[in-house]
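Numbering (UniProt numbering), first residue to last: 1 to 399.
Glycine is no exception: its CB is placed at the ideal position from the N, C-alpha and C atoms.
Note that the structure is a prediction, hence the values are computed from the model and not measured.
As structure tokens, the structure follows; a few thoughts come after it.
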């Protein structure tokens, strides 16, 4: 039996009440690490609950409490924090079959109650999602009459709150899948992704991305409903910075590790939209766009020829020539990814009119001995080596 990935509520722990929650955030999943910062076997989440009571948290006998079955082992300490609990779960998951003792009736009853409580929490969340969708499906009577009364504003507040709740619930993988089964994604795509209120648009884009992260079924449904086209339009043209940033987040969730999403992105000229986002005056949008471009180049090197034919090398170099900022680190990272193992990209960087070698050497001089720009400096030196077979004028061995 598999425990729902998400919240495990009010589990008994030696007479106390414990709430364990594993949240699914983008930055954690990008790094492939858990909320506790450690790599976890998939089976350990189930073991995490079982071991709370069955394996380690209660001494099985006076002898074991004092130090193992033969009395010679050091006493076993109970975990005092989440990291300790996680370590215990991993150890329990890797234990040999012979080490497992028969489960007493008391422990079996406790485990059954804990499992029932966990699944009851999951069902409660499905009901919450249904209630939020009922709110979002309602037609606003005030809006229908053309009113801008407090009633209409109150109605918008309710809808915004419903989207916020759904975004929180859909961080759970199971909830994200259930949300789509309840036709939630269809409602977002048809009524809210291009809503007249920007507060609704950015919340909707955020919810689309939250649901789509690493859930192929959700990604496929969002793509089939035309979300990619609408999200690219929001990224390219929406007057709200928040909407554009959230649209980029959702696009990222639909193209990374999703071949169908990437193909739609390419057909809709997504790279051109991404470049225009990098040329905007919104720093956060520029950084995230460059980061996505770099990621796509690393994972899809077959797209390098397409990008070179679009003049991407020249446009990236032009961005590096703009007033220096932390954004340049990500632009240079994307440029490094574009030329690595790709002779055409190297040749374009060597074009005399770009004067890239001189620019990189000047940038190395500017950044040397500034620890906060170490990554950018490394990218500059890598480009000098790859494209010009040279190093900056001053050797950096003293760094």
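Item: Neighbour-count burial assignment, residue 104, 16 or more Cβ in a 10 Å radius; Value: exposed
Item: Neighbourhood of residue 175 by C-beta, 6 Å cutoff - its chain only, sequence neighbours within 5 removed; Value: 125 and 169
Item: Helix, strand or coil at residue 68 [DSSP, three-state]; Value: Unreliable positioning characterises residue 68 in this predicted model, as indicated by a pLDDT of 45, which lies under 50. A coordinate reading is not provided.
Item: Beta-carbon proximity check, residue 300 vs residue 262, cutoff 9 Å; Value: yes
Item: For residue 244, the three-state DSSP class (helix, strand or coil); Value: helix
Item: DSSP state of residue 257 mapped onto helix, strand, coil; Value: coil
Item: Exposure label - residue 341; buried when at least 16 CB within 10 Å; Value: exposed
Item: 7 Å Cβ shell around residue 188 - same chain, five flanking residues per side excluded; Value: 204, 207 and 208
Item: C-alpha distance - residue 185 paired with residue 222, whole-angstrom precision; Value: 7 Å
Item: Beta-carbon proximity check, residue 287 vs residue 327, cutoff 9 Å; Value: yes
Item: 9 Å Cβ cutoff met for residue 324 and residue 366; Value: yes
Item: Residue 345 to residue 378 span [Cα, whole Å]; Value: 19 Å
Item: When 220, 250, 201 and 190 are compared against residue 177, the one with the closest alpha-carbon; Value: 220
Item: Cβ shell of residue 331 (< 6 Å), same chain only, five flanking positions each side left out; Value: 290, 316, 319 and 320
Item: Rounded distance between the beta-carbons of residue 235 and residue 244, thought under 8 Å; Value: 5 Å
Item: Of the residues 278, 337 and 292, the one placed nearest residue 304, counting alpha carbons only; Value: 337
Item: Three-way DSSP call (helix, strand, coil) for residue 357 in this model; Value: helix
Item: Residue 282 versus residue 294 - alpha carbon distance; Value: 19 Å
Item: Extent of the continuous alpha helix (DSSP H) to which residue 178 belongs; Value: 173 to 181
Item: Endpoints, the alpha helix (DSSP H) within which residue 345 is located; Value: 343 to 349
Item: Integer Cβ distance of residue 160 from residue 199, believed to fall under 8 Å; Value: 6 Å
Item: Exposure of residue 432, with buried meaning 16 or more beta-carbon neighbours within 10 Å; Value: Since the first residue shown for the chain is 1 and the last is 399, residue 432 is missing from the structure and cannot be characterised.
Item: Classification of residue 130 by the beta-carbon crowding that lies within 10 angstroms, buried from 16 upward; Value: exposed
Item: Residue environment, residue 419, which counts as buried when at least 16 other CB atoms sit within 10 Å; Value: Past the edges of the chain, shown from 1 to 399, lies residue 419, and the structure says nothing about it.
Item: Same chain only: Cβ atoms within 6 Å of residue 388, ignoring 5 sequence neighbours per side; Value: 357
Item: Pairwise C-alpha distance: residue 311 and residue 264; Value: 21 Å
Item: Cut-off 8 Å between Cβ atoms - residues of its own chain near residue 230, not counting five sequence neighbours on either side; Value: 189, 193 and 194
Item: Of the residues 197, 298, 134 and 133, the one placed nearest residue 153, counting alpha carbons only; Value: 197
Item: Coarse secondary structure for residue 106, derived from DSSP in three states; Value: helix
Item: Local conformation of residue 194 per DSSP, three classes; Value: coil
Item: Nearest candidate by alpha-carbon position, reference residue 227, set 241, 257, 242 and 191; Value: 191
Item: 6 Å CB neighbourhood of residue 162 in its chain, flanking five on each side removed; Value: 132, 135 and 136
Item: Backbone secondary structure at residue 205 - three-state DSSP; Value: helix
Item: Same chain, Cβ closer than 6 Å to residue 212, five either side skipped, listed in chain order; Value: 218, 219, 222, 253 and 254
Item: Exposure label - residue 361; buried when at least 16 CB within 10 Å; Value: buried
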